[in-house]
Structures are given as structure tokens and as C-alpha cells.
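Numbering (my numbering), first residue to last: 492 to 775.
In this text, a Cβ means the ideal position worked out from N, Cα and C, and glycines have one as well.
Encoded as C-alpha cells, the structure appears first; notes follow it.
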């Protein structure tokens with residue numbers, strides 16, 4: 492089994508290119524991607540203990556760098572994920588994905604609305620009147636003005652010498668350069684080129700979901716059954732198909748032009764996160 496210091500963490504705001512990075516990191520032979528894209532160990536399952544978390548990487552080659560994705564700490568300001576990662580490994584390498592808060596929360600709302608018909612109107616969503624069900628566990632959407640910047644600073648303060656901040660804009664405009672920065676940051680060989688970077692239908696702003704399938708894949712018992720019944724490579728292929736076939740777009744990571752309704756949502760979101768946007772100017 493690999494050691495703690497061989498596990499890097501892809502963290503940050505959901506809808507900030509983490510899915511795009513997940514699929515591309517999986518194509519690098521020196522990275523090991525577990526069967527579940529997000530273990531949610533440092534947000535939902537910490538009580539299960541380190542052995543449960545490390546079991547996700549039991550088949551990793553001894554010399555590989557394993558990647559775990561953690562995004563729920565940007566859904567709920569009460570989650571203790573940064574401190575728990577620090578407790579697990581104080582020298583952990585952190586890849587932090589950051590997006591302009593207004594566009595981020597509109598994109599997040601749109602994505603959730605494609606698979607969860609319980610979601611209320613956008614104003615109520617911003618106000619914290621929505622609860623996400625992940626792995627069969629309820630997690631309230633609770634990110635108020637100032638919380639996003641506070642969370643980013645928390646990661647930076649806890650891991651000052653081992654963090655790579657990736658701007659969503661940079662990843663969308665220069666995906667190859669962003670992946671090469673990750674290679675350098677994690678100390679692996681150069682692999683990515685214009686020919687092998689996967690951008691088609693990944694992290695599209697128009698992604699659609701089958702509600703029943705998405706609900707099933709958020710159930711902890713279904714996840715456990717998949718892990719038990721299917722080999723890791725098969726699960727990763729299914730994950731690629733699920734993310735790829737259920738996405739729209741023509742190989743772009745950016746959303747299409749927003750209509751009048753979307754512009755109103757964006758305006759509300761930017762008012763809601765006004766201090767975050769001001770504080771995060773250098774990041775976005």
C-alpha cells in the first residue's frame with residue numbers, strides 16, 4: 492500500500508474544472524486515480540478511519556502519486572476538511588481550483604437542477620435553503636458572503652509550502668499548460684501534449700443527467716456494490732462515459748452565452764458574494 496505522502500489532494504470549488512482534471516490525471520501513468528472520484532473522507536466519512544480511506548489506494552503502484560478529490564468543503568462552511576487533511580498529512584500537496592464566485596454558484600445551481608428536482612429557486616439556494624444528498628448523507632448548501640475567500644485562505648495558511656492554485660479561467664483557456672504545472676508541482680515526468688489532453692465533453696456548462704442514475708450513484712450502498720463487483724478500470728471507464736455522454740458542448744470547458752434569466756442570476760450571485768469577489772481579484 493502506498494504511503495500518506497504519496498497522496499495528493501485535488502480540492503476546491505465544484506464546477507471549477509475538477510472533473511476535467513480528474514479525467515486527464517487518470518491518463519498519466521504515474522498517477523493513480525481510485526475507483527471513486529471523490530472519497531469524501533475528509534468531509535463525510537472521517538469517522539470510518541484512515542484504513543477505510545487508504546483502502547481506496549490499495550492497488551496503487553508503489554511509486555505512483557495517488558489523487559483524491561475533495562470539493563464539499565466549498566459547499567458547506569461548517570465542514571472541517573482542510574484541518575482534517577492537515578491532520579492526516581501536514582505536508583500534503585494540495586491542488587486548489589478557484590473560480591469567480593458569481594459564475595461558480597450559478598453553474599453549481601444549474602448542475603444540481605439537472606439531477607435534483609427538489610432544488611428551490613435560485614434566491615432560496617443562495618440563502619442556504621437547499622440540502623445536497625451525497626453518499627446518502629445530507630449536506631446543507633451553506634456558503635455565505637466571505638466564506639469562499641476564508642476557505643481559500645485556510646488552505647493557503649495550512650499548506651503554505653505545498654499548494655498549487657489553479658484558476659478556472661487559466662484551465663479553460665490553457666488546459667495543457669495547467670496540466671504541465673501539475674506535473675511539475677507533483678514531480679512526475681512530462682506526459683501531456685496537445686494530442687492527448689482530453690477536453691471533449693468534460694466539465695461542460697450544459698451537462699445533463701439522468702435523475703435516477705445520478706441518485707443511484709450518490710448512494711453509499713450502490714457505490715460499495717460497484718466497488719465489490721467491478722474492477723477499478725471498468726469503473727473508471729464507466730465514470731468517463733457517464734461524464735462524457737451526459738455533457739453538452741463541442742469540446743469546450745466554458746458555458747454558452749447566458750440568456751436574460753442567467754444574467755439576472757449572475758447579478759444576484761455577484762451581489763451575494765460581493766466581498767468574496769473583491770478579495771479574490773488576484774485569483775480570478
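Asked	Found
Backbone secondary structure at residue 770 - three-state DSSP	helix
Residue 632 - DSSP class collapsed to helix/strand/coil	coil
Three-way DSSP call (helix, strand, coil) for residue 557 in this model	strand
Nearest-angstrom Cα separation, counted from residue 541 out to residue 507	27 Å
Entirely enclosed alpha helix (DSSP H) segments - the segment 506–551, minimum 4 residues	509–517 and 541–545
Under the three-state DSSP convention, the category residue 584 falls into	coil
At least three beta-carbon pairs within less than 8 Å, the segment 528–539 to the segment 611–631	yes
Rounded C-alpha distance that separates residue 625 from residue 543	18 Å
C-alpha distance - residue 638 paired with residue 568, whole-angstrom precision	7 Å
Helix, strand or coil at residue 500 [DSSP, three-state]	strand
Separation of residue 622 from residue 604, as counted between CA atoms	12 Å
Three-state secondary structure assigned by DSSP to residue 667	helix
Range covered by the beta strand (DSSP E) that runs through residue 654	654–658
Which listed residue (617, 516 and 649) has its alpha carbon closest to that of residue 557	516
Backbone secondary structure at residue 625 - three-state DSSP	strand
Beta-carbon gap between residue 689 and residue 514 smaller than 8 Å	yes
Presumed contact (8 Å Cβ cut-off) between residue 636 and residue 764, rounded CB distance	6 Å
Contact under 8 Å by Cβ, residue 656 with residue 570	no
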